[in-house]
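Here the structure comes first, spelled out in structure tokens, and everything after it is commentary.
Residue numbers (this note's numbering): 1435 to 1817.
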């Protein structure tokens, strides 16, 4: 039976993504009645006929119940799912929670120039999200907020929210088409090499750097000021020197680059969850849980050197023989962390890295594979 990708950000997409990968990324918006809905676009992602029957085309101007009635998922329904809770609270899975500011035309945050009202709206959203994450006891070690919003770290600090927050950079405008947004971001990208981006995130106490793939592949990796980094050779060595193991999360995690990104110590956000993909374009067998079900160097060699027709069987064998992170004892976890530290040239000591380890948590430095919007983004309209 052919696999059908579930709609992006739906409960089934996020649940399946959490089961298949090391974690998922998704988007949150605040509804007019203070609810939290999982939804990417500023406008409700339905066909025009359905949208015309709503109170407003803008997500933030509709109630939580009305949006859920269309098929969208509330944040609480996601967290209440038993498979989701098991992966987050028992098996060290990761969630990257993108907080979405309203479109200026929506009227939900004061319009085009009212930055104070936009900040107030973002504060309401992050506090509502934090209330739910705390209610369901999701560890701060397994979750991070981020947004295309400079004030996010200050908001979380002032609200005494201890869950980490990061700024997505370059900061994409809340309005305009794809070409306009990319054009506006060019000056930020050119003047912010990866080394500077890492310093910015460290200064904001972020535990990771979310950034664009363009930083790592030619020709765009040569455009920012300063020394360029990459996924191979001398540029890979420069990358490892620049990061020292500081976690890098990249979107889009293109399938043809997936093995190279993970080998470089980068966490890709993938849009490819098809279970029939056993072989990557590079010829290696695909492994979707590099952190939760870690591979030894020997297994990595098997994956990269085996014949394509053997990959499905090899993957099945690995699942049956390998020990998941949450089933390892302290000594076994320490051996894995030591392997990772040597493989990726992390600067932190083993003792520092092990401070954040338990059956349900692992170091931020762990290189994961994350499902983007669950099992990947969808074509519009979604419903």
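Backbone N, C-alpha and C define an ideal beta-carbon position, used for all residues, glycine too. Because the structure is a prediction, the values reported are computed rather than measured.
Sub-8 angstroms separation of residue i and residue j beta-carbons
i: residue 1759; j: residue 1526; result: yes
i: residue 1673; j: residue 1693; result: no
i: residue 1791; j: residue 1707; result: no
i: residue 1643; j: residue 1659; result: no
i: residue 1799; j: residue 1782; result: yes
i: residue 1583; j: residue 1556; result: yes
i: residue 1734; j: residue 1456; result: no
i: residue 1724; j: residue 1696; result: yes
i: residue 1712; j: residue 1746; result: yes
i: residue 1650; j: residue 1664; result: yes
i: residue 1657; j: residue 1624; result: yes
i: residue 1797; j: residue 1771; result: yes
i: residue 1499; j: residue 1488; result: no
i: residue 1566; j: residue 1509; result: yes
i: residue 1445; j: residue 1511; result: yes
i: residue 1590; j: residue 1579; result: yes
i: residue 1460; j: residue 1524; result: no
i: residue 1811; j: residue 1442; result: yes
i: residue 1677; j: residue 1801; result: no
i: residue 1688; j: residue 1727; result: no
i: residue 1806; j: residue 1691; result: no
i: residue 1684; j: residue 1645; result: yes
i: residue 1686; j: residue 1609; result: no
i: residue 1599; j: residue 1640; result: yes
Where residue i falls, given that 16 or more other Cβ within 10 Å makes a residue buried
i: residue 1714; result: buried
i: residue 1816; result: buried
i: residue 1577; result: buried
i: residue 1448; result: buried
i: residue 1435; result: exposed
i: residue 1633; result: exposed
i: residue 1530; result: buried
i: residue 1741; result: exposed
i: residue 1671; result: exposed
i: residue 1662; result: buried
i: residue 1517; result: exposed
i: residue 1682; result: buried
i: residue 1617; result: exposed
i: residue 1594; result: exposed
i: residue 1637; result: exposed
i: residue 1486; result: exposed
i: residue 1450; result: buried
i: residue 1597; result: buried
i: residue 1666; result: exposed
Range of the contiguous alpha helix (DSSP H) that encloses residue i
i: residue 1614; result: 1612-1624
i: residue 1770; result: 1764-1778
i: residue 1589; result: 1586-1592
i: residue 1676; result: 1667-1677
i: residue 1657; result: First-last for residue 1657: undefined, no H or E at that position.
i: residue 1454; result: 1445-1454
i: residue 1629; result: 1628-1637
i: residue 1784; result: 1784-1788
7 angstroms CB neighbourhood of residue i in its chain, flanking five on each side removed
i: residue 1494; result: 1463, 1464, 1465, 1466, 1536, 1540 and 1542
i: residue 1710; result: 1437
i: residue 1738; result: 1718
i: residue 1606; result: 1582, 1615 and 1619
i: residue 1788; result: 1768 and 1771
i: residue 1575; result: 1790 and 1795
Extent of the continuous beta strand (DSSP E) to which residue i belongs
i: residue 1600; result: 1599-1601
i: residue 1464; result: 1457-1464
i: residue 1646; result: 1643-1646
i: residue 1805; result: 1804-1806
i: residue 1577; result: 1577-1581
i: residue 1685; result: 1682-1685
i: residue 1419; result: Lying outside 1435 to 1817, the shown extent of the chain, residue 1419 is not represented and no answer is given.
6 angstroms CB neighbourhood of residue i in its chain, flanking five on each side removed
i: residue 1563; result: 1462 and 1470
i: residue 1506; result: 1471 and 1473
i: residue 1570; result: 1513
i: residue 1748; result: 1719 and 1740
i: residue 1793; result: 1760
Chain-order list of residues whose beta-carbon lies under 8 angstroms from that of residue i (same chain, five-residue window excluded)
i: residue 1475; result: 1493 and 1814
i: residue 1558; result: 1464 and 1468
i: residue 1729; result: 1721, 1737, 1752 and 1756
i: residue 1519; result: 1513 and 1570
i: residue 1622; result: 1603, 1604 and 1605
i: residue 1477; result: 1485, 1491, 1492, 1493 and 1537
Near the ligand COA: residue i beta-carbon under 7 angstroms from a heavy atom
i: residue 1515; result: With respect to the ligand COA, the structure offers nothing, as it holds no ligand at all.
Can you give, in chain order, each stretch of the beta strand (DSSP E) that sits fully within the region 1687-1763 and has at least 3 residues?
1700-1704
Uninterrupted alpha helix (DSSP H) stretches inside the region 1485-1568 (no shorter than 4 residues):
1498-1503, 1509-1514 and 1516-1523
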